[in-house]
Amino acid sequence: MRIPVLLLMIAGMTAAHAFDLFRGRRDTLRDRAGITAAQSSDNMTNTPPVVVYASLTGSDANTGTNASAPLKTLQNAVTAARIYGSIAVRCAKGQYTPGNGLNSGMDGLYLTNTAAGITLTGGWENDFSLRYASNHSILDGGLAGYRVVTVSNAHGVALNGFTVKNGSNADGGGIAVIATVHFMLTNCSVVSNHAGNGGGIFISNASNVHIASSRFISNSAGNKGAAVHASYARDVRIAETHLSRNYSVTHAGGISLSRCTNALVTNCAILTNYAGAGSAAFIDYGSNTVFSSVSVLSNSGAQVFYLNIPAAFSLVNSAVTNNNMTHCSVLLFNASPLIISNNIFGGVAGTLYGLQELGAQAGHLLYDNRFITGTMDYLYYDTILTNTPFTVDAGGIANINSAAMTGAASAGGNALY
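With the first letter of the sequence shown counted as 1, position 136 gets the number 157 in my numbering; the numbers rise by one all the way through.
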């Protein structure tokens, strides 16, 4: 399919310029970054939205609007979608690498200034006739020193059906979502990426970020959030997602949330991760953070959850068991009143305390939890022993009924201190 010369003139480009664009030249892609989907839509009022296709068997000399003649480079497919006013890019299955479907010498794929929104789906058969959920398009950064996917200053970006692997960067080895509103990652695997913060995904100054039905496996971080790190983000939701074998030198093998507002982690499995502090999660300041119905098993480090001065934190309906911790399951540091309810804490190897509080605060609601004997010396330990939320008798045993912990059960004779 050839683009009519008149249409090119209306869009403000020469035919030669358009030809260069679809040949995949990076400088041309940057030149065209100012052409928004809204501008293209205005110029194509009577033209229905089109789907843009990308495949390793395609050619960047194609327009990408025909399934039988796809583009090859994902960056060109995204740029073409914006020019045509399309909100859909379909990627055939296969392994996209730098110079072979991904950008070379820079981040593998940029999604920026997408005012009209765009959805990329991977795992399509080569003829684009059908797509199985178990099929993924693999975006492999080859550990070449660049991030795989960058989403920046965008609105309404969705990725579905991709494996993002072997990326590296100071922040966000696999994916970075920066200054973006409405981002969704669904049915994706984020594997073996490395960064200082957010080995798998780095989220900063973004809002309405949803991660669902995805996997974060074997990512690493030198500082915070081997799998996920979010900072100054609002309305972050992580649901039905599996995080395992992620490794952070300092904080959060699983999820790090720093100064975030309205974060929900629900129906997730956080397994076999490691961090120096907070192997499952590190919550640094922020407000209205909820972990609900999560399975937190077989992690290792100093604590499972490290809560550093959070406001309005809740851990409910969850199982925190069989973790190998040197200190405690949940460490509270100057935490404002929080809710820990209807959880199971137990089978914790080498752990001194179930809940440990540094800089104790009154007013916590700790109720209907079950503590199963392991090697815990205490179910609750207030290091400073001031403003303890429990009434402690002369023998050092808390009166559970006078605290907001009625209904808690302890097995094996563990004490509250």
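Ideal Cβ positions, reconstructed from N, Cα and C, are used throughout, including at glycine.
> Between ILE224 and VAL198, is the Cβ-Cβ spacing less than 8 Å?
Replying inline: yes
> What are the boundary residues of the beta strand (DSSP E) that ALA191 is part of?
Replying inline: 189-192
>> Give me the residue from SER313, ALA333 and LEU352 with the minimum Cα distance to ALA323.
In response: LEU352
>> Based on DSSP bridge pairs, tell me the residues matched to SER265.
In response: ILE238 and LEU292
> Whose CA, out of LEU151, ASN283, PHE326 and GLN377, lies closest to the CA of ASN229?
Replying inline: ASN283
> Grouping DSSP H, G and I as helix and E and B as strand, with all else coil, what is LEU50?
Replying inline: Annotation note: pLDDT 33 at LEU50 (below 50); position unreliable, coordinate value reported separately. In this structure, LEU50 counts as helix in the three-state DSSP scheme.
> Considering only residues of the same chain and omitting the five flanking positions on each side of GLY126, which have a CB-CB separation below 8 Å?
Replying inline: PRO119 and TYR167
>> Quick check on the DSSP output: the alpha helix (DSSP H) that includes ARG152 runs from which residue to which?
In response: Looking at the DSSP string, ARG152 is not in any alpha helix (DSSP H), and its letter there is neither H nor E.
>> Nearest by alpha-carbon distance to SER300: which of GLY307, SER313 and LEU328 is it?
In response: LEU328
> Between LEU264 and ASN294, what straight-line distance do the alpha-carbon atoms span, to the nearest angstrom?
Replying inline: 8 Å
> Which residues mark the beginning and the end of the alpha helix (DSSP H) in which TYR374 is found?
Replying inline: Per DSSP, TYR374 belongs to no alpha helix (DSSP H); it is in the beta strand (DSSP E), 374-379.
>> Could you tell me the alpha carbon to alpha carbon distance between SER155 and ASN208, rounded to whole angstroms?
In response: 9 Å
> How would you label ALA296, buried or exposed, when you count the other beta carbons within 10 angstroms and need 16 or more for buried?
Replying inline: buried
> What's the call for THR347, buried or exposed, on a 16-neighbour Cβ count within 10 Å?
Replying inline: exposed
> In this structure, does DSSP put ALA175 in helix, strand or coil?
Replying inline: coil
> Anyone know if the C-beta pair for THR271 and ASN244 falls short of 8 Å?
Replying inline: yes
>> Closest to SER189 by C-alpha separation, out of SER316, HIS176, VAL169 and VAL178, would be which residue?
In response: VAL169
>> Measuring straight from C-alpha to C-alpha, what distance separates VAL72 and ILE222?
In response: 27 Å
> Near SER158, which residues of its chain fall below 6 Å by C-beta distance, leaving aside the five closest residues on each side in sequence?
Replying inline: CYS112, LYS114, GLY143, GLY144 and PHE183
> Taking the C-alpha atoms as reference points, what is the distance between VAL311 and LEU376?
Replying inline: 17 Å
> Comparing alpha-carbon positions, which option in TYR153, THR201, ALA248 and PRO331 lies nearest ASN181?
Replying inline: TYR153
> Nearest-angstrom Cα distance between SER335 and ALA75?
Replying inline: 44 Å
>> Only counting the same chain, and skipping five residues up and downstream in sequence, which positions put a Cβ closer than 7 Å to that of LEU123?
In response: LEU95, TYR117, GLY129, LEU130 and LEU160
> Taking just the CA atoms, how far does ASN338 sit from GLU261?
Replying inline: 15 Å
> What does a CB cutoff of less than 6 Å around GLY220 pick up in its chain, not counting 5 residues either side in sequence?
Replying inline: GLY194, ASN214, ASN240, SER241, ALA242 and ALA247
> Leaving out the 5 sequence neighbours to the left and right, which residues in its chain are closer than 6 Å to GLY138 when beta-carbon positions are compared?
Replying inline: ILE108 and GLY177
> At what residues does the beta strand (DSSP E) containing ARG280 begin and finish?
Replying inline: That residue, ARG280, is in no beta strand (DSSP E); it is neither H nor E in DSSP.
>> I believe ALA254 touches ASN218 by the beta-carbon criterion, under 8 Å. Please report the beta-carbon distance rounded to the nearest angstrom.
In response: Not quite, the Cβ-Cβ distance comes to about 13 Å (not below 8 Å), so this is no contact.
>> Could you pull the DSSP bridge partners for CYS112 from this structure?
In response: ALA75
> Is SER252 buried or exposed, if buried means 16 or more other CB atoms sit within 10 Å of its CB?
Replying inline: buried
> Where DSSP assigns a beta bridge to LEU206, which residues make up the other side?
Replying inline: LEU180 and ILE232
>> Comparing C-alpha positions only, which one of LEU278, ASN309 and ILE330 sits nearest to PHE303?
In response: LEU278
> In chain order, what residues of the same chain have a beta carbon less than 7 Å from the beta carbon of LEU164, not counting five sequence neighbours either side?
Replying inline: ASN187 and SER189
>> According to DSSP, is ARG103 part of a helix, a strand, or is it coil?
In response: helix
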